[in-house]
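Below: one structure, written as C-alpha cells.
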Amino acid sequence: MTGPGETRPPLHLASEPLAQLSAYRTKPDPAPVKLDANESPWPLPEDARRRLAERLADVPVHRYPDLLARDLKRALAERLGARPEELLLGVGSDEVIGVLMSAFGRAPGRVLYPTPTFVMYPITARVHGLEPVEVPLAPDWSLDVEATTRVIRHDTPNLIFLATPNNPTGNRFAPEALEAIVRAAPRSLVVLDEAYVAFAGESLGGWVDRHPNVGVMGTLSKVGLAGLRVGWIRMHEALVNEAEKARPPYNLNAYAQAAATALLTEMPELLDAQVEAIVAERSRLVELLTPRVERVHPSEANFVLVEVDDAAAA
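Just so we're aligned: the sequence shown equals residues -19 to 294 in my numbering.
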C-alpha cells in the first residue's frame, strides 16, 4: 500500500511480453502419488545417497564453481558419445532454451514448434521478444511435415523446437519426418529436445555430426535427478562458442556439478535402473488404465496421455 504522493513500484517498466504472461507456478498436491512434473517417483538408494554425501562434503563452497563445468562435460560426453566441446550446459533444459533464444533469436525473430508440445518454448520466446509460430500436429500426433515446411519457407524461423518423444503426447516423431524438416530449414537452428529419450531408445545425437544446423538437447531431470537441474545441448562447436556468450557465468552450482559427475562416472547403473523400472511401471500403468478410460495413447516417455469421458471431473 502507498499513500498520496508516495512512490509506487515502477511496473510500467515491465516489458509488454511479460505483462501478457503469468509466472510459472505449481500447486502443492496432497495426492499420495505425485505425477504432475514427470519426475522419477523414487529417491536414490541409501548407499548412493551416502556416497554422494561423502563427495559433496569436499566441495569447496567458498569458491565459485568451475565456470565451464569441465568434469561434468567430460562425464556427459562419454555417456553421450560426444566431445566436450560440443556441449553447452544449463540449469535444466529451461535455461538452455533461454540461452539459445538469447544467442540465436535475433529479436524480433520467430520460434517454430508443433502443438501441443512443451509449454516453455512459447513462453521463453515471448520473454525474449520473439514471435512464437505454431504448427498443429496431425490427428495421430505425428508431425505435419508439409505444413511445417510450408511455414519454414514463408517465415524462415530462427529456431525450431521438436520434442521427441513429445510432451504431452508421449510419442516419438519419425526420423524421416524430422530429417525432412531439418533439410527444409538450412538457415534455422533445429533443436531436437530429447528430454525423454532414455525411455524411448536410441538418441539422435549423432545427427549433429552430419547436420550443422541441428542441436540435440537433453536433461538429467527425467532419469531421477530433477533436483540437480542439469540440462545440455549438443551441437556444432561453432554454435556452442556463440551460445556460451549468452550463458550466465557459474550457472551450474558446485553441488550440482559434483553430484552429477559422481553419478555419471561412478554410479551410472543407478540411472539405468531408474529408467528400466519406470518403463516397466509405464507398461503396468497402461495395462491398468486401458479398461478404465476412453483411450490410452502409446507412450515412449515416462508419462501416459489418456482420454476420459469428463476431463474436468477427472
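Just so it is clear, CB atoms sit at the ideal spot from N, CA and C, and this is done for glycine as well.
| Asked | Found |
| --- | --- |
| Distance, Cα to Cα, A33 vs V41? | 14 Å |
| Using CA coordinates, which residue listed in P25, Q0, L48 and L68 is at the minimum distance from H216? | L68 |
| Taking DSSP as the reference, what is the three-state secondary structure of D16? | coil |
| How many whole angstroms separate the CB atoms of R232 and A49, which I take to be in contact at a CB cut-off of 8 Å? | Contrary to the premise, residue 232 reads as Leu rather than Arg in this sequence. Their Cβ separation, rounded to whole angstroms, is 5 Å, which keeps L232 and A49 in contact under 8 Å. |
| Whose C-alpha, out of P119, A87 and P88, is nearest the C-alpha of P96? | P119 |
| Based on the DSSP output, what are the partners of Y235 in its beta bridges? | DSSP, once it has assigned bridges, lists no residue as partnering Y235. |
| Tell me whether P116 sits in a helix, a strand or coil according to DSSP, three-state version. | strand |
| Would you check if there are 3 or more beta carbon pairs closer than 8 Å linking the stretch 182 to 193 to the stretch 224 to 239? | no |
| For S73, count the other beta carbons within 10 Å of its own beta carbon; 16 or more makes it buried, fewer makes it exposed. Which is it? | buried |
| By Cβ distance, which residues of its chain are closer than 7 Å to D46, with the 5 residues on each side in sequence left out? | Q237 |
| If you draw a straight line from the alpha carbon of F283 to that of W212, how long is it in whole angstroms? | 22 Å |
| Please report the straight-line C-alpha distance between H191 and A11, rounded to a whole angstrom. | 45 Å |
| With distances taken Cα to Cα, identify the nearest neighbour of L158 among R106, H277 and V170. | V170 |
| Return helix, strand or coil for M197, following the three-state DSSP convention. | strand |
| Of all the options F98, L1, A(-1) and D16, which has the alpha carbon lying nearest to the alpha carbon of K7? | D16 |
| Return the chain-ordered list of same chain residues with a C-beta closer than 8 Å to the C-beta of L269, the five sequence neighbours on each side being excluded. | V276, V284 and V286 |
| Report yes if the CB atom of R152 is closer than 7 Å to the CB atom of A180, and no otherwise. | yes |
| Report all residues from its chain with a CB closer than 6 Å to the CB of P102; omit the five preceding and five following residues, and keep chain order. | P112 |
| For V259, I'd like the list of residues in its chain whose CB is within less than 6 Å of its CB, leaving aside the five on either flank, ordered along the chain. | F179 |
| Are A83 and A223 closer than 7 Å when you measure CB to CB? | yes |
| Is DSSP giving R262 helix, strand or coil here? | helix |
| Taking its Cβ as the centre, do 16 or more other Cβ atoms sit within 10 Å of L142, making it buried, or is it exposed? | buried |
| Within 10 Å of its beta-carbon, does P116 have 16 or more other beta-carbons around it, so buried, or fewer, so exposed? | exposed |
| Going by the CB atoms, is the gap between A28 and L208 shorter than 7 Å? | no |
| Just to confirm, are V136 and I161 a CB contact at a threshold of 7 Å? | First, the amino acid is wrong: residue 136 is Thr here, not Val. For T136 and I161, no; Cβs fall outside 7 Å. |
| Among the candidates Y230, A239, E174 and L80, whose CA atom is the shortest distance from the CA of S168? | L80 |
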